[in-house]
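In the working numbering, the protein residues as written are 150 to 570. Backbone N, C-alpha and C define an ideal beta-carbon position, used for all residues, glycine too. These notes concern the structure reproduced below.
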């Protein structure tokens, strides 16, 4: 799926560059931190970030956007005069390396926090380290259970479980779904975790849910498609990264299977480059749950995200949902640090400041962002649905809360903090 991924990234970058240029022309240049226009020159504040960028996927969008935002902040007064020194490591989807780079950042570099993290393996490997050293991680690209069920990790992106159930909720309520097949990877804390909760949701509605899980090292999309047919499902939930999800859609297209199922997906298929790969065949037959604002929305934070990554990002940076997520995580982090006494900034005060975030607002999110002091965190569990129209994505349901028994402890936390999804 390397070619597919490259096409998606390239088209997304072109789309966002056009949007950023339009925003700049309208007078919406980058706005960051103190907005002094003067470079910060004080003692650097060390902040870390870990991404997974290697086959089978690139999760670097969050750290790319966080780096761009921090550079913008540093060019505009920093944290009351102190610049952020952002140290990014790539775990390359290697658990051993993931442990090594986290230990380097936490123990050797002495970072006060990690921001913009996007990795599948790092969260599972390092959740205990973050708790033991009381370092908070404001992540942006999580896809496994440990990321949402740990005391010291909080992510702005939803991950497959909420986004998948959000897509399925729309399918049940608007498309008449009765029997859904959740197709994912056979990774217990990823596809297995998300698809299990999909089955629980369907059961709670008196409906049928089936999980079809693939070995990620030996993907056979034809067999998976035939299994979905044999299960009698009327809906397919593509609980997959964009590459294999597109591959399965291509298999269905080759076999004339578009009209045999209703097709829904969590966020990964929401990328501008999808249209270049899928063409017109799937117009008005593919529905995607998105975790953040549409890429072309006119909200202040969304426009500022585009302007920041255009002005301060690198040419090869990804412009995707993880990038939006990394930007807003970095922005909330900076806002928390700006409330601190500059001389007292250390890991302990930063961790306390992050936990104190409550009710932060952004047009990128449907509901207020919060952290709190809890054993799990999932501040983003409200999203939108878009329909694939070939040349664009059309919003067909605006912000709606996603409901599942999984969210019961999350809703209790929100009630205690006065948060309403």
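Is the Cβ-Cβ distance between residue i and residue j less than 9 Å?
{"i": "residue 547", "j": "residue 450", "result": "no"}
{"i": "residue 313", "j": "residue 343", "result": "yes"}
{"i": "residue 487", "j": "residue 228", "result": "yes"}
{"i": "residue 211", "j": "residue 241", "result": "no"}
{"i": "residue 453", "j": "residue 311", "result": "no"}
{"i": "residue 464", "j": "residue 539", "result": "no"}
{"i": "residue 266", "j": "residue 199", "result": "yes"}
{"i": "residue 404", "j": "residue 374", "result": "yes"}
{"i": "residue 466", "j": "residue 292", "result": "no"}
{"i": "residue 349", "j": "residue 493", "result": "no"}
{"i": "residue 531", "j": "residue 542", "result": "no"}
{"i": "residue 351", "j": "residue 317", "result": "yes"}
{"i": "residue 436", "j": "residue 536", "result": "yes"}
{"i": "residue 309", "j": "residue 290", "result": "no"}
{"i": "residue 461", "j": "residue 257", "result": "no"}
{"i": "residue 260", "j": "residue 284", "result": "yes"}
{"i": "residue 321", "j": "residue 356", "result": "yes"}
{"i": "residue 250", "j": "residue 239", "result": "yes"}
{"i": "residue 337", "j": "residue 368", "result": "no"}
{"i": "residue 524", "j": "residue 372", "result": "no"}
{"i": "residue 496", "j": "residue 192", "result": "no"}
{"i": "residue 444", "j": "residue 421", "result": "yes"}
What is the DSSP secondary structure of residue i, counted as helix, strand or coil?
{"i": "residue 238", "result": "strand"}
{"i": "residue 467", "result": "coil"}
{"i": "residue 435", "result": "strand"}
{"i": "residue 316", "result": "helix"}
{"i": "residue 483", "result": "helix"}
{"i": "residue 271", "result": "helix"}
{"i": "residue 570", "result": "coil"}
{"i": "residue 171", "result": "Because residue 171 sits at a pLDDT of 47, beneath the cut-off of 50, its placement in the model cannot be relied upon, and the following sentence gives the value as read from the coordinates. Helix."}
{"i": "residue 515", "result": "coil"}
{"i": "residue 195", "result": "strand"}
{"i": "residue 181", "result": "coil"}
{"i": "residue 362", "result": "strand"}
{"i": "residue 324", "result": "helix"}
{"i": "residue 351", "result": "helix"}
{"i": "residue 334", "result": "strand"}
{"i": "residue 329", "result": "strand"}
{"i": "residue 246", "result": "helix"}
{"i": "residue 370", "result": "helix"}
{"i": "residue 356", "result": "coil"}
{"i": "residue 457", "result": "helix"}
{"i": "residue 263", "result": "strand"}
{"i": "residue 425", "result": "helix"}
Between residue i and residue j, which are expected to be in contact by the criterion C-beta below 8 Å, what is the C-beta distance as a whole number of angstroms?
{"i": "residue 297", "j": "residue 526", "result": "7 Å"}
{"i": "residue 458", "j": "residue 468", "result": "6 Å"}
{"i": "residue 631", "j": "residue 474", "result": "Nothing in the structure corresponds to residue 631, since the chain is present only between 150 and 570."}
{"i": "residue 225", "j": "residue 470", "result": "With a Cβ gap of about 26 Å, residue 225 and residue 470 do not count as contacting."}
{"i": "residue 144", "j": "residue 398", "result": "Given that the chain is displayed from residue 150 to residue 570, the structure contains no residue 144 and the question cannot be resolved."}
{"i": "residue 269", "j": "residue 335", "result": "Not a contact, Cβ separation roughly 14 Å."}
{"i": "residue 330", "j": "residue 359", "result": "5 Å"}
{"i": "residue 562", "j": "residue 508", "result": "At roughly 13 Å, the Cβ-Cβ gap does not stay under 8 Å, so residue 562 and residue 508 are not in contact."}
{"i": "residue 218", "j": "residue 181", "result": "6 Å"}
{"i": "residue 502", "j": "residue 489", "result": "6 Å"}
{"i": "residue 482", "j": "residue 264", "result": "5 Å"}
{"i": "residue 555", "j": "residue 438", "result": "Incorrect: roughly 15 Å between the Cβ atoms, too far for contact."}
{"i": "residue 551", "j": "residue 341", "result": "Rounded, the Cβ-Cβ distance is 19 Å, inconsistent with contact."}
* Asked: Mind pulling the beta strand (DSSP E) runs of 3 or more residues that sit fully within the segment 540-568?
  -> Fully enclosed beta strand (DSSP E) runs of 3 or longer: 542-550.
* **Sufficient close CB pairs (3 or more, under 8 Å) joining the segment 325-341 to the segment 384-397** => yes
* **Contiguous alpha helix (DSSP H) assignments of at least 4 residues, all confined to the segment 379-423** => 391-403
* Enumerated in chain order, which unbroken segments of the beta strand (DSSP E) with a length of 3 residues or greater are wholly contained in the segment 276-315? -> 286-288 and 302-304
* Asked: Are the segment 243-250 and the segment 269-279 in contact at 8 Å, needing three or more beta carbon pairs?
  -> With the cut-off at 8 Å, the segment 243-250 and the segment 269-279 touch.
* **Runs of alpha helix (DSSP H) wholly within the segment 201-240 (minimum 4 residues, chain order)** => 210-223
* Entirely within the segment 490-536 and at least 4 residues each: give me those alpha helix (DSSP H) ranges in chain order. => As far as the segment 490-536 is concerned, its whole alpha helix (DSSP H) runs of at least 4 residues are 496-504.
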